[in-house]
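If you read the sequences in order, they're chains A and B.
Position one of the first sequence corresponds to residue 159 (the working numbering), numbered consecutively onward.
Position one of the second sequence corresponds to residue 3 (the working numbering), numbered consecutively onward.
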Amino acid sequence: MKPAKFVLLLAVLVLFFLPEMVFAQTDPGVRSNTGVNAGQPLASVAASANDLAFFQAGRAQFIEHQTVTGDNPGLGPRFNLDSCGACHSQPAPGGTSPASGIFPNVGSNPQSQVIANGIVSGATNTIPYFVLANGPVREARFPFFFDQFGFPNPNAPNGGVEDLFTVSGRADAGACSLQQPSFNMARATKNIIFRIPTPVFGAGLMANIDDSTLLANRGAQANNNLGISGTFNHNGNDGTIGRFGWKAQNKSLMIFAGEAYNVEMGISNELFTQDRPLPGEDQFGSGLPTNCLNLAGTGYPEDITHSDGTSAPTVTSDVGLFNAFAQFLDQPKPSTTSPGGAASIANGRGLFSAIGCALCHTPSLTTQPSKLTSGLGSAIANLFSDIEIHHMGARLADNVSQGGAGGDQFRSAPLWGLGQRIFFLHDGRCSDLLCAIEAHESNGGEATTVVAMFDQLLTPSQQQDILNFLRSL
Amino acid sequence: MHTAVLRSLGRLTLSALLLAPAQTALSRRAPQDGGDFSQNPQARPLPTDAIMVKGAWASASDSVTPLPEGGSVADNVYTNKYFALTYVLPPSWTQKYYGPPPSDSGYYVLVQIRPGDANKVTGGTILIVAQDLFFTLVPAANTLEFINHAEEKLQADYKVERALTPVVIANHSFVRFDYFSPVAELHWYLLATQIRCHMVQFVFTSRDTKLLESLIQDMNQMKLPAEASPILGIGGGDVPICIKDYVRSENIIERVDPVFTERKFNPIPVRIIIDKDGKVKHIHFLSAFPDQAKSITDALLQWRFKPYVREGYPTEFETGIIFGYAPKAAEEPSPSAVSE
């Protein structure tokens, strides 16, 4: 082809596709030009020397790496990673999954580096297929137990966490010899789902929203014309509304922290006092082998309140400090100008409400008075969640039941801090907002009509405004 | 003492011998925790994109009696036997996804309709929903009050285009309410009537008001039951009439409380059809866990009600009851909100 003809052809192609190229909406990506907008203590905490000391001690404990024995003992015998802060790290401690190369670059997925960093023995552990250097930190669950032939049994729901790694082969693990779960077989039988960490910024505000506020909000949204009708996941013991976790399965931040310490890192504590076997090892087997117990040599629980402490932070257990850290973390600060400018963000916010996204992602709720710190009391929590669980349909269903939530029900994910998150949805399957929005549309899902409006009735410019608004959060 | 020790040891040995085969059999079983199945050459995968663990869900005591959520689209027509409703979809429009199960506040997404992929330029959505007026969280006793509430509580982001207006569609009474979102440049046209104590609502959304008007005109092809009316839609004719709050102590002759084995604190809205003799003929759980549905069914089938007499004759009718945790506390808790 002669150069002149090539240029002419190129010009025709550009003219043909230009409108699409100009107006096609895109996820602006992780917001970086405003610095890190999360991870700070509440102003009232920063103003109090005692509270700030608590917060800082909690933060230090949160990012500390645990070992089987030694100064920070208790890791294992099964675990997903050796530090809270390694998973909850984007864009600051308390956040969610990191990824290399994306602001603020924290390096490769730390789960992918556990062998390289000597956290686990490469002789007895492999990196599961779903842990990628540039992918999200994940925990894995098998929705169903396997039968004796290795087939998933739909009549035997499981759904518990299958820890990725074992301490076996480490010098400080003695003779404890444990296998990793068979993730490849679970993959082959499609009996595996994933969860990524939920950020805990603003968690104290969420904890301090009274049930009556949530119920009133639900009542106020009941007369909508968009197909939305959620419910709550009630705590099985006292009947109050659960609010933490992907399915709002946890009522208490303290219990959530204690459970995570036990499940994700294998550290027993005053709330979960034993080392945790895998679901099948406990329900159908004999628990953990004796030679995998008390590896730290401290007795149980491995994390305790320290009666010999000399100050509040040194007396408090690790779990207590995690709770203090999460309670005192301020909500993320949204940007009013980035990305896309103030007008686009304001327009996007209006559109977000107009087409019904805000029915589930309630922009704000007011907290009740707080005895912990004034910043938590009578405050506006801009969480963008109604804390209800909604049917998300077949595409997002993970077939894990937690409390009152069924296999396709999920809590409306709080969207505060969304602008600086990398991975979206419960399993981190999306890193593009459009992918996440599209996944809300499926058979059996409540959001289908709302997504159809976004997809088919808004102009590309309006869609871009919504994306800009979401990335401003 | 020594003999006793020997006897104990003997028993232990015997127990061990008896238990040994069982333990061997157990140990032969593959671990059920997802242990190493790498030698298994055949994978039998689970279906993808399927909701297999359902939680609280809709169910019924029989598979014959029509249910509100039982409608379907076939040959471009949405048919719902419960509501005796037939709606012809606009040409080239389709149901791409079916809706969620009924909610525990009695809200149904009956059908969601949109232009087919080849006809996206048309730009609109049709949503047909129903709200069981026995269980609604909205303070409304009938469809007229329900839409009036929607108008009164319309968010400031929207502008009213047409205040609540009575209209006739397909020779039946409806109420219509239109509003507009300036920021989205979208119009919502709502038309609602009442059938069997449910608000049945058609929600048309588009940027194009001419399209919306034409969609409303097309509604005249609809078939509806004779009762359909914003206030008077209370069943009758070929279907039972519906009576709110009939489950009161003065109407119950025999009653057996369900026994729940686990506290879950979820509301369990139930519609029941009661025959002329006062016996429960049909039970529809809008939202219940399977064990809850079984316990309640076992109990309700033993209940006896005072027959409902209409124009001098005992009459079959349907009513509602909430078991478990009730979102709104009733004044008389025992019959209308049975505690677990």
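We treat Cβ as the ideally placed atom computed from N, Cα and C, and that holds for glycine.
Because the structure is a prediction, the values reported are computed rather than measured.
Nearest residue (CA-CA) to residue i, options the options
i, options, result
"Gly394 of chain A", "A:Thr463, A:Gln560, A:Glu460, A:Leu583", "A:Gln560"
"Ala158 of chain B", "B:Val177, B:Tyr181, B:Ile171, B:Asn144", "B:Tyr181"
"Asp119 of chain B", "B:Asp279, B:Ile323, B:Pro47, B:Trp95", "B:Trp95"
"Val289 of chain A", "A:Gln269, A:Leu210, A:Phe304, A:Val278", "A:Gln269"
"Gly385 of chain A", "A:Gly586, A:Arg629, A:Thr607, A:Asn626", "A:Thr607"
"Glu599 of chain A", "A:Ala610, A:Leu239, A:Arg376, A:Lys348", "A:Ala610"
"Thr356 of chain A", "A:Val477, A:Cys245, A:Thr389, A:Asn626", "A:Cys245"
"Asn535 of chain A", "A:Ile367, A:Ala516, A:Val358", "It is worth fixing the name first, because residue 535 of chain A is Gly in this sequence and not Asn. Comparing Cα positions, the closest option is A:Ile367."
"Ile243 of chain B", "B:Val170, B:His200, B:Ala295, B:Arg265", "B:His200"
"Ala333 of chain A", "A:Ala512, A:Gln219, A:Ala539, A:Pro235", "A:Pro235"
"Asp279 of chain B", "B:Pro309, B:Gln294, B:Ser251", "B:Pro309"
"Ser105 of chain B", "B:Leu139, B:Pro93, B:Thr88", "B:Leu139"
"Pro261 of chain B", "B:Ile254, B:Gln294, B:Ala142, B:Ser231", "The identity of residue 261 of chain B in the sequence shown is Val, whereas the question assumes Pro. The option with the nearest alpha carbon to Val261 of chain B is B:Gln294."
"Arg189 of chain A", "A:Arg587, A:Thr495, A:Cys518, A:Asp566", "A:Thr495"
"Asn82 of chain B", "B:Pro68, B:Glu256, B:Glu147, B:Pro292", "B:Pro68"
"Asn238 of chain A", "A:Glu297, A:Gly276, A:Pro186, A:Ser279", "A:Glu297"
"Ala194 of chain B", "B:Thr145, B:Leu214, B:Gly125", "B:Thr145"
"Asn601 of chain A", "B:Pro70, B:Pro47, B:Leu87, B:Ala52", "B:Ala52"
Buried or exposed by the 16-neighbour rule on C-beta atoms within 10 Å, applied to residue i
i, result
"Ser549 of chain A", "Contrary to the premise, residue 549 of chain A reads as His rather than Ser in this sequence. His549 of chain A comes out buried."
"Leu28 of chain B", "Unreliable positioning characterises Leu28 of chain B in this predicted model, as indicated by a pLDDT of 32, which lies under 50. A coordinate reading is not provided."
"Glu163 of chain B", "exposed"
"Arg629 of chain A", "buried"
"Gly146 of chain A", "It is not possible to answer for residue 146 of chain A, since the shown part of chain A is limited to 159 through 631."
"Ala250 of chain A", "buried"
"Gln25 of chain B", "Only weak support is given to the placement of Gln25 of chain B: the predicted model assigns it a pLDDT of 33, under 50, and the value that follows is read from those uncertain coordinates. Gln25 of chain B should be labelled exposed."
"Thr254 of chain A", "buried"
"Phe307 of chain B", "buried"
"Cys450 of chain A", "buried"
"Asp64 of chain B", "exposed"
"Tyr315 of chain B", "exposed"
Under 9 Å from the C-beta of residue i: neighbouring residues of chain A
i, result
"Gly125 of chain B", "Gln614, Leu615"
"Asn150 of chain B", "Those do not exist, as Asn150 of chain B stays about 10 Å from chain A at its closest Cβ, beyond 9 Å."
"Gln114 of chain B", "Gly385, Thr606, Thr607, Ala610"
Residue i: contacting residues in chain B (beta-carbon distance under 9 Å)
i, result
"Asp566 of chain A", "Ile53, Val55, Lys56, Gly57, Pro102"
"Gly602 of chain A", "Ile53, Tyr99, Tyr100, Gly101, Pro102, Pro103"
"Gly394 of chain A", "Glu264, Arg265, Lys266, Phe267"
"Gly562 of chain A", "Gly57, Ala58, Lys266, Phe267, Asn268, Phe291"
"Glu599 of chain A", "Lys98, Tyr99"
Contacts that residue i makes with chain A (C-beta to C-beta distance below 7 Å)
i, result
"Phe325 of chain B", "Those do not exist, as Phe325 of chain B stays about 15 Å from chain A at its closest Cβ, beyond 7 Å."
"Arg46 of chain B", "Phe309, Thr347"
"Asp146 of chain B", "The amino acid occupying residue 146 of chain B in the given sequence is Leu; Asp does not appear at that position. Within 7 Å Cβ-Cβ: nothing; Leu146 of chain B doesn't reach chain A, min ~13 Å."
"Val140 of chain B", "Ala380, Asn381"
"Asp106 of chain B", "Thr389"
"Lys246 of chain B", "Neighbours of Lys246 of chain B on chain A: none; closest Cβ ~17 Å, over 7 Å."
Chain A residues whose Cβ lies nearer than 8 Å to that of residue i
i, result
"Tyr109 of chain B", "Ala380, Ser387"
"Val131 of chain B", "Asn383, Gly385"
"Lys281 of chain B", "Neighbours of Lys281 of chain B on chain A: none; closest Cβ ~31 Å, over 8 Å."
Beta-carbon neighbours of residue i, restricted to chain B and to distances below 7 Å
i, result
"Ile513 of chain A", "Ala186"
"His464 of chain A", "Correct list: empty, because the minimum Cβ distance to chain B is about 35 Å."
"Asn505 of chain A", "Val185"
Near the ligand GTP: residue i beta-carbon under 7 Å from a heavy atom
i, result
"Gly499 of chain A", "The ligand content of the structure shown is nil, which means the ligand GTP is not present either."
Partner residues on chain B for residue i, Cβ-Cβ distance less than 8 Å
i, result
"Ser559 of chain A", "Val55, Gly57"
If you measure beta-carbon to beta-carbon, which residues of the stretch 519 to 534 of chain A are closer than 9 Å to chain B?
none
Give me the subset of the stretch 65 to 86 of chain B whose CB atoms are less than 8 Å from a CB atom of chain A, sorted by chain position.
none
For the pair the stretch 447 to 465 of chain A and the stretch 185 to 199 of chain A, tell me if three or more CB-CB distances fall below 8 Å.
no
Can you list, in chain order, the residues of the stretch 167 to 200 of chain B whose Cβ is nearer than 7 Å to any Cβ on chain A?
Ser183, Val185, Ala186, Leu188, Trp190, Leu192
The stretch 268 to 284 of chain B contacting the stretch 320 to 328 of chain B, beta-carbon criterion three pairs below 8 Å
yes
So, do the stretch 369 to 379 of chain A and the stretch 510 to 529 of chain A have three or more beta carbon pairs nearer to each other than 8 Å?
yes
Measuring CB atoms only, is the stretch 423 to 441 of chain A touching the stretch 275 to 291 of chain A, in the sense that at least three cross pairs come out at less than 8 Å?
no
Three CB pairs or more closer than 8 Å across the stretch 473 to 481 of chain A and the stretch 204 to 222 of chain A:
yes
contact_flag[the stretch 433 to 448 of chain A, the stretch 401 to 411 of chain A] where n(CB pairs < 8 Å) is 3 or more:
no
Contact residues within the stretch 204 to 219 of chain B, judged by C-beta distance below 9 Å to chain A
Val205, Thr207, Ser208, Arg209
Quick one: any contact between the stretch 99 to 113 of chain B and the stretch 131 to 144 of chain B, if contact means 3 or more CB pairs under 8 Å?
yes
Listed in chain order, which residues of the stretch 324 to 337 of chain A have Cβ atoms closer than 9 Å to some Cβ of chain B?
Gln337
Does the stretch 304 to 315 of chain A touch the stretch 269 to 278 of chain A, meaning 3 or more C-beta pairs lie closer than 8 Å?
no
Whether or not the stretch 207 to 215 of chain B and the stretch 187 to 196 of chain B are in contact is what I'm after, with contact meaning three or more pairs of Cβ atoms, one per stretch, closer than 8 Å; do they touch?
yes
Validate contact between the stretch 487 to 504 of chain A and the stretch 561 to 579 of chain A using beta carbons, cut 8 Å, 3 pairs:
yes
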